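Working notes, structure below.
4 protein chains.
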Amino acid sequence: MTITAETPTAIHIGADELPWVDIGDGSKLKVIQVKEREGLWIVENIFQAGYVVQKHRHTGPVWGYTVSGGWKYQEYEYVNWAGSFLYEPAGSVHTLECIEDNTQVWFHMYGANLNLDADGNVESVIDGAGTLAYYYAMCEATGLPRPNVLVD
Amino acid sequence: MTITAETPTAIHIGADELPWVDIGDGSKLKVIQVKEREGLWIVENIFQAGYVVQKHRHTGPVWGYTVSGGWKYQEYEYVNWAGSFLYEPAGSVHTLECIEDNTQVWFHMYGANLNLDADGNVESVIDGAGTLAYYYAMCEATGLPRPNVLVD
Amino acid sequence: MTITAETPTAIHIGADELPWVDIGDGSKLKVIQVKEREGLWIVENIFQAGYVVQKHRHTGPVWGYTVSGGWKYQEYEYVNWAGSFLYEPAGSVHTLECIEDNTQVWFHMYGANLNLDADGNVESVIDGAGTLAYYYAMCEATGLPRPNVLVD
Amino acid sequence: MTITAETPTAIHIGADELPWVDIGDGSKLKVIQVKEREGLWIVENIFQAGYVVQKHRHTGPVWGYTVSGGWKYQEYEYVNWAGSFLYEPAGSVHTLECIEDNTQVWFHMYGANLNLDADGNVESVIDGAGTLAYYYAMCEATGLPRPNVLVD
Numbered sequence: 003m004t005i006t007a008e009t010p011t012a013i014h015i016g017a018d019e020l021p022w023v024d025i026g027d028g029s030k031l032k033v034i035q036v037k038e039r040e041g042l043w044i045v046e047n048i049f050q051a052g053y054v055v056q057k058h059r060h061t062g063p064v065w066g067y068t069v070s071g072g073w074k075y076q077e078y079e080y081v082n083w084a085g086s087f088l089y090e091p092a093g094s095v096h097t098l099e100c101i102e103d104n105t106q107v108w109f110h111m112y113g114a115n116l117n118l119d120a121d122g123n124v125e126s127v128i129d130g131a132g133t134l135a136y137y138y139a140m141c142e143a144t145g146l147p148r149p150n151v152l153v154d
Numbered sequence: 003m004t005i006t007a008e009t010p011t012a013i014h015i016g017a018d019e020l021p022w023v024d025i026g027d028g029s030k031l032k033v034i035q036v037k038e039r040e041g042l043w044i045v046e047n048i049f050q051a052g053y054v055v056q057k058h059r060h061t062g063p064v065w066g067y068t069v070s071g072g073w074k075y076q077e078y079e080y081v082n083w084a085g086s087f088l089y090e091p092a093g094s095v096h097t098l099e100c101i102e103d104n105t106q107v108w109f110h111m112y113g114a115n116l117n118l119d120a121d122g123n124v125e126s127v128i129d130g131a132g133t134l135a136y137y138y139a140m141c142e143a144t145g146l147p148r149p150n151v152l153v154d
Numbered sequence: 003m004t005i006t007a008e009t010p011t012a013i014h015i016g017a018d019e020l021p022w023v024d025i026g027d028g029s030k031l032k033v034i035q036v037k038e039r040e041g042l043w044i045v046e047n048i049f050q051a052g053y054v055v056q057k058h059r060h061t062g063p064v065w066g067y068t069v070s071g072g073w074k075y076q077e078y079e080y081v082n083w084a085g086s087f088l089y090e091p092a093g094s095v096h097t098l099e100c101i102e103d104n105t106q107v108w109f110h111m112y113g114a115n116l117n118l119d120a121d122g123n124v125e126s127v128i129d130g131a132g133t134l135a136y137y138y139a140m141c142e143a144t145g146l147p148r149p150n151v152l153v154d
Numbered sequence: 003m004t005i006t007a008e009t010p011t012a013i014h015i016g017a018d019e020l021p022w023v024d025i026g027d028g029s030k031l032k033v034i035q036v037k038e039r040e041g042l043w044i045v046e047n048i049f050q051a052g053y054v055v056q057k058h059r060h061t062g063p064v065w066g067y068t069v070s071g072g073w074k075y076q077e078y079e080y081v082n083w084a085g086s087f088l089y090e091p092a093g094s095v096h097t098l099e100c101i102e103d104n105t106q107v108w109f110h111m112y113g114a115n116l117n118l119d120a121d122g123n124v125e126s127v128i129d130g131a132g133t134l135a136y137y138y139a140m141c142e143a144t145g146l147p148r149p150n151v152l153v154d
């Protein structure tokens, strides 16, 4: 019994193969990979200064790789400038705010975002499957073909 | 550069090393391992016939290994008898109901349980960190020392 | 954007749905789930007393749930009796030896087993894909239909 | 029983907080995070044109985010230019070759690299723990203080 002779193939998605969709005020989203059953979702964002993502709690770990620009969590002092690494453990809670225009970030996420109201109650839930459905719908609404997101 | 000479040690927890706490009507819980930052929680339950766990959605994958007895999800026909395996993908939704007394199950879980009301809204959230806090509190309330759960 | 309305279905495999194949001297293997691309493999074993698994290093974490009997790693003192839990971190190294007949264990594994010779060199590698191929071949060789292992 | 009130903190590592070490011919390595027990290792590389990484098989999944430059696997046609995404499933096998100077890539990896000789035998093994030890040693050898890699 040895390792199998068949080898799975690496999957490459070039920078221009998937479209950006607008998520408000010129900020953008691209959904790269969703393994719904694993709870994995990988997205890329371009945020404009002032863009805010509602305070949320993560149910799984998240990694953020900032490519350009700068953004922060309102709860922390530090700024994620280009080249910075961020590890968000499961259970972490924060409110994203973009500081510089054209801030580009990879997010590698497990689990769901539990969006919290001012009292800390769960107001809504965003996960990979929902985000993928949103991405498909936004592409369709703007006349784009269904993007070839890596879905398994 | 080769693999490290130091090797991490396997951690063993014997059947009687952690106490069972009562979760109602003679059903019981034991918390074995919680990696809070990973969103991992491993518990063992002994359920009595008629015990129900509120309808919930998982934000990560879950595995269930049934050691004895029988239980089911109200949404599915099959029964998890002794020796059965269950894989619950992230996003799956169900209502646990125990059928036989002394049904013993290992659950190996990632992420959170989003407890749903009759309209499908998130009524409450249970995760590994919260379950661990509950387990500690139940042990303390019944005069037991803090159990040696594997926490990292 | 909310969580998706479609919900993945939990997958149940009953105790008698997959065959045991002989792995020597009456010890047995059942392969339950292999997610090759994730490196996940879940198997169940029934070992007979004296059965030994070559010393190996794990490249990912492993969990073992012992249902009946008793077994140990030669490198450690403790015995995994029925009801015991075992967590083997990535990088851990050990030699399995079964102590009691009809020792039944679930193994929930990520990554590969690097089988080591007496000098600590990697002599061979076993992973989920290879074990699945072996399981299929053993079933075929004994006239059994291809078992319905959960492969994605 | 609700989600815990304590929330883990996100960990930020700025672009200049960890040193680059030379891995030959001006190519560089920075080790960002190693969760040894999970088999997780996250590194950043700057490769120079012509740099080659020996053919290897991964025992867990790997993701690559290319920030600048261009590189490829000799086994595939496509080039990973700036902004490209790469998913390498567990079991995939390839030989990295850098095409452009100052090619910068994040690698988010689970498991080990099994380095293969011309006959496909495992010649050596590289994992997160070993790479961390190498990184520490290289820093020490060049008079740098022990870098504050995120190790748990």
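From first to last, the protein sequence lines are chains R, Z, A and E. Residue numbering for the first sequence follows our numbering, starting at 3 and increasing by one per position. Residue numbering for the second sequence follows our numbering, starting at 3 and increasing by one per position. Residue numbering for the third sequence follows our numbering, starting at 3 and increasing by one per position. Residue numbering for the fourth sequence follows our numbering, starting at 3 and increasing by one per position. Even for Gly, the Cβ is constructed at its ideal location relative to N, Cα and C. Keep in mind the model is a prediction, meaning the values are calculated, not measured.
Contact list for residue i against chain A, beta-carbon separation under 8 Å
i, result
"V95 (chain Z)", "T9"
"G113 (chain E)", "G41, T61, G62, A92, Y112, G113 and A114"
"D129 (chain E)", "T61, A92 and G93"
Listed by chain order, chain A residues near residue i by CB distance under 9 Å
i, result
"L88 (chain Z)", "A12, I13, H14 and I15"
"L152 (chain Z)", "F87 and Y89"
As assigned by DSSP and simplified to three states, the class of residue i
i, result
"M3 (chain A)", "Per-residue confidence for M3 (chain A) stands at a pLDDT of 38, beneath the threshold of 50, marking its modelled position as unreliable; the derived number appears in the next sentence. It is coil, neither helix nor strand."
"R39 (chain Z)", "helix"
"Y78 (chain R)", "coil"
"G26 (chain R)", "strand"
"E46 (chain R)", "strand"
"L134 (chain E)", "helix"
"E19 (chain Z)", "coil"
"E142 (chain E)", "helix"
Chain-ordered neighbours of residue i on chain Z, where CB pairs are closer than 9 Å
i, result
"E40 (chain E)", "K37 and E40"
"A51 (chain R)", "Neighbours of A51 (chain R) on chain Z: none; closest Cβ ~31 Å, over 9 Å."
Chain-ordered chain R contacts of residue i [CB-CB under 7 Å]
i, result
"I34 (chain E)", "F87"
"V124 (chain Z)", "V124 and V127"
Sheet register partners of residue i (DSSP bridge)
i, result
"L118 (chain E)", "E:V124"
"P13 (chain A)", "In the sequence under discussion, the amino acid at residue 13 (chain A) is Ile, which differs from the Pro named in the question. In DSSP, I13 (chain A) forms a bridge with Z:Y89."
"V33 (chain A)", "A:V45"
"L152 (chain A)", "A:Q35"
Chain-ordered chain E contacts of residue i [CB-CB under 8 Å]
i, result
"N104 (chain R)", "Per Cβ cutoff of 8 Å: no residues; N104 (chain R) is ~13 Å from chain E at best."
Chain-order list of residues whose beta-carbon lies under 6 Å from that of residue i (same chain, five-residue window excluded)
i, result
"I44 (chain E)", "I34, Q35 and H110"
"L146 (chain R)", "P21"
"S94 (chain Z)", "H60"
"Y67 (chain E)", "W108"
"E56 (chain E)", "Sequence check: residue 56 (chain E) is Gln here, not Glu. Excluding residues within five positions, the ones whose Cβ falls inside 6 Å are N117."
"E19 (chain R)", "none"
"S86 (chain A)", "T68"
8 Å Cβ shell around residue i - same chain, five flanking residues per side excluded
i, result
"D119 (chain R)", "E125"
"T6 (chain E)", "Because T6 (chain E) sits at a pLDDT of 48, beneath the cut-off of 50, its placement in the model cannot be relied upon, and the following sentence gives the value as read from the coordinates. No residues qualify anywhere along the chain."
"R148 (chain A)", "Y138, C141 and E142"
"G62 (chain E)", "G41, A92, M111, Y112, G113 and A114"
"M3 (chain R)", "Note on M3 (chain R): pLDDT 39, under 50, position unreliable in the model; the coordinate value appears next. Cβ within range, chain order: n/a, list empty."
"Y75 (chain Z)", "H96, T97, L98 and E99"
"S29 (chain R)", "N47, I48, F49, Q50, Y53 and C100"
"G26 (chain Z)", "Y53"
Cut-off 7 Å between Cβ atoms - residues of its own chain near residue i, not counting five sequence neighbours on either side
i, result
"G205 (chain E)", "The structure shown does not extend to residue 205 (chain E), since chain E is modelled only from 3 through 154, so no value can be given for it."
"L152 (chain A)", "I13, I15, I34 and Q35"
Proximal chain Z residues relative to residue i, where beta-carbon distance stays under 7 Å
i, result
"L118 (chain A)", "Going along chain Z, no residue has its Cβ under 7 Å from L118 (chain A), so there is no contact; the nearest lies around 10 Å."
Contacts that residue i makes with chain E (C-beta to C-beta distance below 7 Å)
i, result
"W108 (chain R)", "Y67"
Residue i beta carbon near the ligand SAH (any heavy atom closer than 6 Å)
i, result
"L88 (chain R)", "The ligand SAH is absent from the structure shown, which contains no ligand whatsoever."
Note down, one range per segment and in chain order, each beta strand (DSSP E) of at least 3 residues found wholly within the stretch 52 to 115 of chain E.
54 to 60, 64 to 70, 72 to 75, 87 to 90, 95 to 100 and 105 to 112
May I ask you to list, following chain order, the residues of the stretch 57 to 91 of chain E that have a beta carbon less than 8 Å from some beta carbon of chain C?
As a matter of chain content, chain C is missing from the structure shown, whose protein chains are R, Z, A and E.
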